[in-house]
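>
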Amino acid sequence: MSSAGLGRPIAFRWSPLVTALAFALPVVFVLAPLAIFLVYSFFSVDQGQIVYAPTLANYLRFFTDPVFLPVFWRTIVLCLSVAAISILLAYPTAYFLTTLHGRWRYVLLMLLMVPLLMSYVIKIYAIRSILGLNGFLNKALVGLGIIAEPSTLFVFNMNAILLTLTLLLIPFAILPIFLALERIPQVLLSASHDLGASNLQTFLRITLPLSLPGVASAASFVFVLAIGDFLTPQMVGGISGFTFGRILYSQFGTAFNWPFGAALSVALAMVVIAAILAGERFGRNRGASL
Amino acid sequence: MNQNCDLLTLRSVSKSYGTVPVLYDIDLAIRDGEFLTVLGPSGSGKTTVLRLIGGLEPLTSGEIRLDGQDISDMPINRRPFNTVFQDYALFPHLTVAGNVGYGLSVRHVARKEIAERVAKALELVQLGRFTERFPAQLSGGQRQRVALARALICQPRLVLLDEPLAALDLELRRQMQEFLKSIQREVKTTFLFVTHDQEEAIGMADRICVMEAGHIRQLGTPHELYYKPNCEFVARFFGENNLVAGTLGETRGEFRAIETALGRLVCSVADQPHLKAAATGARGFAAFRPEALHLAGDGDAGNRFSGAIADLAFAGSSTVATITAGGDAAQRLRLRFPSRMDGSVLRAGETVALSFAPHEGHLVLA
Amino acid sequence: MLLKRLLLGIASVGLGIGLMASSALAANLRVLAWDGYADADWVKQFTAESGIGVDVVFIGSDDEIWAKIKGSEGQDFDVFAVNTAQLQRYIKADLVSPIDLAKLPNQKEVLPRFRDLTQVSGVTKDGNVYGIPFCFDSIGLIYDTDKVKPAPTSMSVLWDPAYKGKVLAYDNGEHNFSFTALTLGYKDPFNLSAEQMAAVKAKLVELKRNVLSFYTTADEAQQIYQNNDVALIWANYGQQQVKALQKIGAHVAYINPSEGALAWLDNWVISKGARDKDAAEKWINFMVSKKVSGALSERTGFGNTVVESSSAGSNDKLVWLNNVEDPTKRSDQWNEIKATP
């Protein structure tokens, strides 16, 4: 009893601090860095030194230089493709999972999530050695007699980028789709059948639309993660592996032009925020009527 | 269609989940156009009967016939039945119109016709103004009516209703009972209504099928079930009843005696040949309703016994007295009488003479 | 009893940590170096001889050194290793201190080409010595002896259409501009005129079409080599890279191209923020001793400045990497080259 009596004033004393902390964390770790980037994007660099005078030159350069916009669009298209491929592969997988019963469903789901525990770079290395001209994939295909000699189809080109990013990011697509599918009450499917719908009609008219919020979050997850990835395209894409993330990296890493890098980051952040908002908005609109 | 013609028959239908049996050898005939209620406590198998008919689950053995044709293996989406689910199961991403028109739309009915029939169906359930709303924007009763319209629009031979009123509050439930009944009369479609609420069953059904532990105990009109229960379970389940155990005695015309702790009681066996034929000495019960029991007057010679008033409970228009009778083999009986403004004529603790008329008593075999 | 012992244990551990922290704060020499430049046994020996404690932080790239030194305006480290190309940038930014050669007796014993530091481009300015050469290697060409015949003598082989899709190049605009300039026969590959720059850029776009992939680490290049059909590798990591490949059984050889091989030269420099300049000079003197420098070449395969090594033949033409005319421009141009479809 006495400890309960003591507990309350202590909790009372600490609660504003906890609240402050809860607000401080996102501010310090998310908003503040973003704000700093935004501010930096209006500076410029002269002889390796940052000039702290506001200018729009960085943005002007981004929109007028013949290099940046084309790579920017190409990267967005690439990441949209990765999102689309991931969803095409993840949806059947997640759907299959929901048809399993009891323990197997979660055991299999966990197995699919295991790659997330492994180092990203090691995974890229592993995938690259599998895809190489003398890699496992080609050896297996030649060994099985499917192709006569090693193919360059997945060797340092756009296909390799799409395949690798998909492999790396597909768990992020499976999970939200699985959760959305699992949330659909079975009785709705019974009701659809009861009203005369075939399995296909039930899938197209009930299951699919009700799982779209999951698909939307899956797409935005994969897109955002893919667009932020400056390693994979470079490591598996050969001469096609030049993406916007790479340009950004070069501004900080080799050109040492932080303000311009910051401006490019702001442009990228806009796309990322738009993707997240789009995914969230779509998910919520459909979800609200559930 | 003739109401006396059977629409759907269940023959020796059994159902087990794994090794656990839930239905034993059910035989049931549903008449065309009737409002049949399947009544039973939870675990009685009543919902399973509905799911088997609807095609939501396969039979373990037996057969289901529609118009004499075996439909046991017919897939759910081909059966000309529609279900109103317990929690309505409305599609959250479709509007009211989308939900109601769903059954027509999957059958590729022309858009214009769907719109007309949806409008008509919604008119029928008095939801004409809510076409474009989503289910989340409706009240419980409105959702209920959408579910009903959705089930009716395909003009099914049979509408299956799985405790559809369970989620509604009392007042709304009463309204919906009347509403359902009136709709059923209007569309003349056969309704199979599953519930655990006997009051609901009595209020709506043409016939009631009482189930217990995977068996059908009795099938009949509410009146039959109320006044002529054929077993102890139905006699006890269906409304308040006084049951006094005893052994059957001699039969005299339409009446038969039973020897009980309250003495010899005489009850009606009219139109019940199995009771007339039962062996003398067989165990059974005298059953009489609380409203049939009364304070014995001078003229009441038969079925007369004395009892002590243990408790009085005022219940509005009537008052219920709990009575202990029968000496050593004490029986608790209930007596219901109209309440009076100036107070009860009975006092708790006093011993009174009691009686019921032989034609208001009934026999049940143990 | 047990509790008491436990408490004592905790107290002594706490005390230990406190002591360690305070001694680290008090006197330790803070060294920022590449892996292999400050091996544990050398550090131990140095501390034993001089009584100076050493904390070493290893780095993985030139940018990381710049970020660390520039980020703290030189306050976080006493002595660090940086190459000739980078050093001028640090001098200009006033991040390093001149070194007193009188304090480095071992520097008098180095190989002839490193003895006169004014002849080593990039380590002096205005008569002051800012860097002491320590370690070098050429950036040559690795070729697969089974696939490339006859043996190449020039980087121009990288453009040979016979090796299309079999070339590994390095992902760095600065170096790529420099070596291409040498291949084109330009005198000063680090100061290109506008026309020269345009010519090099066009040449690099051509190179790109012959390339399988651009790599950044030696491990990465080796992995790509193992899993793919690679004939030529522009060897940013020189000796180390070729030896690692030979170790896994690859049939490869290494040449310094006849037009001149770019070569990096790492130097020890003293940071502007050095707390004890004397200790830093003692460290550098120790590093250019016969013993440490000899061991350096044995262990890493790099050339050192004291003992003759196999890194480059005496006839090989080495072009010390130097500060380029405009690194940002080269980086931007390199981006443009990579962005060219």
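Protein chains in written order, with our numbering: chain A, 2 to 291; chain B, -19 to 346; chain C, 222 to 562.
Don't be surprised by glycine CBs; every beta carbon is placed ideally from N, CA and C.
(1) Looking only at C-alpha atoms, which of B:215, B:234, B:231 sits nearest to residue 225 (chain B)?
(2) Pull the bridge partners of residue 345 (chain C) from the DSSP assignment, please.
(3) Would you mind stating whether residue 178 (chain B) and residue 156 (chain B) have Cβ atoms separated by less than 8 Å?
(4) Check this for me: beta carbons of residue 489 (chain C) and residue 302 (chain C), under 8 Å apart or not?
(5) Applying a beta-carbon distance threshold of less than 9 Å, which residues of chain A neighbour residue 11 (chain B)?
(6) Mind checking which residues open and close the beta strand (DSSP E) that includes residue -3 (chain B)?
(7) Work out the CA separation of residue 375 (chain C) and residue 478 (chain C) for me, nearest whole Å.
(8) I want to verify the contact list: residues of chain A whose CB lies under 7 Å from the CB of residue 557 (chain C), in sequence order.
(9) Using alpha carbons as the reference points, say which of B:212, B:278, B:84, B:112 lies closest to residue 196 (chain A).
(10) Show which residues of chain A have a CB atom less than 8 Å away from the CB atom of residue 56 (chain B).
(11) Starting from the beta carbon of residue 310 (chain C), find every residue of chain A whose beta carbon is closer than 9 Å, and list them in chain order.
(12) Go ahead and label residue 254 (chain B) buried or exposed: buried means 16 or more other beta carbons lie within 10 angstroms of its beta carbon, across all protein chains shown.
(13) Do you know how far the Cα of residue 114 (chain B) is from the Cα of residue 220 (chain A)?
(14) CA-CA distance, residue -4 (chain B) and residue 180 (chain A)?
(15) Check each candidate in C:401, C:359, C:356 and name the one with the smallest Cα separation from residue 377 (chain C).
(16) Expressed to the nearest angstrom, what Euclidean distance is found between the alpha-carbon atoms of residue 95 (chain B) and residue 141 (chain B)?
(17) Taking residue 175 (chain B) and residue 19 (chain B) to be in contact with their CB atoms under 8 Å, please state how far apart those CB atoms are, rounded to whole angstroms.
(18) Exposed or buried, which one is residue 244 (chain C) when buried takes at least 16 other CB atoms within 10 Å?
(19) If we count the other Cβ atoms within 10 Å of its Cβ and call it buried at 16 or more, is residue 271 (chain A) buried or exposed?
(20) In whole angstroms, give me the CA-to-CA distance for residue 119 (chain A) and residue 130 (chain A).
(21) Can you name the start and end residues of the beta strand (DSSP E) that residue 407 (chain C) belongs to?
(22) One question on the structure: do residue 30 (chain B) and residue -7 (chain B) come within less than 8 Å of each other, judged by their Cβ atoms?
(23) Keeping to the same chain, check which residues put their C-beta closer than 6 Å to that of residue 148 (chain A); ignore five residues upstream and five downstream.
(24) In terms of alpha-carbon separation, which member of A:99, A:273, A:66 lies closest to residue 177 (chain A)?
(25) Between residue 172 (chain A) and chain B, is there a C-beta pair that is closer than 8 Å?
(26) Below 8 Å, can you find three or more Cβ-Cβ pairs linking the region 414 to 425 of chain C to the region 437 to 453 of chain C?
(27) Quick check: the Cα distance between residue 236 (chain A) and residue 39 (chain A), rounded to an integer number of angstroms?
(28) Helix, strand or coil for residue 244 (chain C), going by three-state DSSP, please let me know.
(29) Hey, would you say the C-beta of residue 465 (chain C) is under 7 Å away from at least one heavy atom of the ligand HEM?
(30) Does DSSP put residue 148 (chain A) in a helix, a strand or coil?
(31) Report the start-end ranges of each alpha helix (DSSP H) in the region 248 to 272 of chain A that is 4 residues or longer and not cut off at the edges.
(32) Suppose you measure from the CA of residue 357 (chain C) to the CA of residue 403 (chain C); what does that come to, to the nearest Å?
(33) Between which two residues does the beta strand (DSSP E) harbouring residue 106 (chain B) extend?
(34) Would you mind telling me which residues of chain B sit closer than 8 Å to residue 199 (chain A), beta carbon to beta carbon, in chain order?
(35) Determine the contact status of residue 331 (chain C) and residue 463 (chain C), defining contact as a CB-CB distance below 8 Å.
(36) Go to residue 225 (chain B), then tell me how far its alpha helix (DSSP H) extends in each direction, as first and last residue.
With the structure as the only source:
(1) Of the listed residues, the one whose Cα sits closest to residue 225 (chain B) is B:215.
(2) Answer is C:350.
(3) Taking 8 Å as the Cβ cut-off, residue 178 (chain B) and residue 156 (chain B) do not qualify as a contacting pair.
(4) For residue 489 (chain C) and residue 302 (chain C), yes; Cβs fall inside 8 Å.
(5) Those do not exist, as residue 11 (chain B) stays about 22 Å from chain A at its closest Cβ, beyond 9 Å.
(6) -14 to -3 is the extent of the beta strand (DSSP E) around residue -3 (chain B).
(7) About 5 Å.
(8) By Cβ distance, chain A contributes 68.
(9) If you compare the alpha carbons of B:212, B:278, B:84, B:112 with that of residue 196 (chain A), the shortest gap goes to B:84.
(10) 191, 194, 195, listed in chain order.
(11) Going along chain A in sequence order, the residues near residue 310 (chain C) (Cβ under 9 Å) are 49.
(12) With fewer than 16 other CB atoms across the displayed protein chains lying within 10 angstroms of its CB, residue 254 (chain B) is exposed.
(13) Roughly 26 Å between the two C-alpha positions.
(14) Rounded to whole angstroms, residue -4 (chain B) to residue 180 (chain A) spans 32 Å at the Cα level.
(15) Taking only the C-alpha atoms, the option nearest residue 377 (chain C) is C:401.
(16) Going by C-alpha positions, residue 95 (chain B) is about 25 Å away from residue 141 (chain B).
(17) Approximately 6 Å separates the beta-carbon atoms of residue 175 (chain B) and residue 19 (chain B); this is inside 8 Å, confirming the contact.
(18) With a pLDDT of only 43 at residue 244 (chain C), under 50, the local geometry of the prediction cannot be trusted, and no value is derived from it.
(19) By the neighbour-count rule (16 or more Cβ atoms within 10 Å), residue 271 (chain A) is not buried but exposed.
(20) So the two alpha carbons sit approximately 16 Å from each other.
(21) For residue 407 (chain C), there is no enclosing beta strand (DSSP E), since its DSSP letter is neither H nor E.
(22) One thing to note: residue 30 (chain B) has its Cβ no nearer than 8 Å to the Cβ of residue -7 (chain B).
(23) Excluding sequence neighbours, residue 148 (chain A) sits near 142.
(24) Nearest to residue 177 (chain A) by C-alpha distance, out of A:99, A:273, A:66, is A:99.
(25) With its beta carbon at least 8 Å from every one in chain B, residue 172 (chain A) lies outside the interface.
(26) Judged by Cβ distances under 8 Å, the region 414 to 425 of chain C makes no contact with the region 437 to 453 of chain C, as fewer than three pairs qualify.
(27) Each residue's Cα considered, the two are about 29 Å apart.
(28) At residue 244 (chain C) the pLDDT is 43, less than 50, meaning the model places this residue with poor confidence; the figure from the coordinates comes in the next sentence. Correct three-state label for residue 244 (chain C): helix.
(29) The ligand HEM is not part of the structure shown, which contains no ligands of any sort.
(30) Of the three classes helix, strand and coil, the one that applies to residue 148 (chain A) here is coil, per DSSP.
(31) Counting only runs of 4 or more, we get nothing.
(32) Roughly 19 Å separates the two Cα atoms.
(33) Neither: residue 106 (chain B) is in no beta strand (DSSP E) and is coded neither H nor E.
(34) 57, 86, listed in chain order.
(35) Going by C-beta atoms, residue 331 (chain C) is not nearer than 8 Å to residue 463 (chain C).
(36) Per DSSP, residue 225 (chain B) belongs to no alpha helix (DSSP H); it is in the beta strand (DSSP E), 222 to 232.
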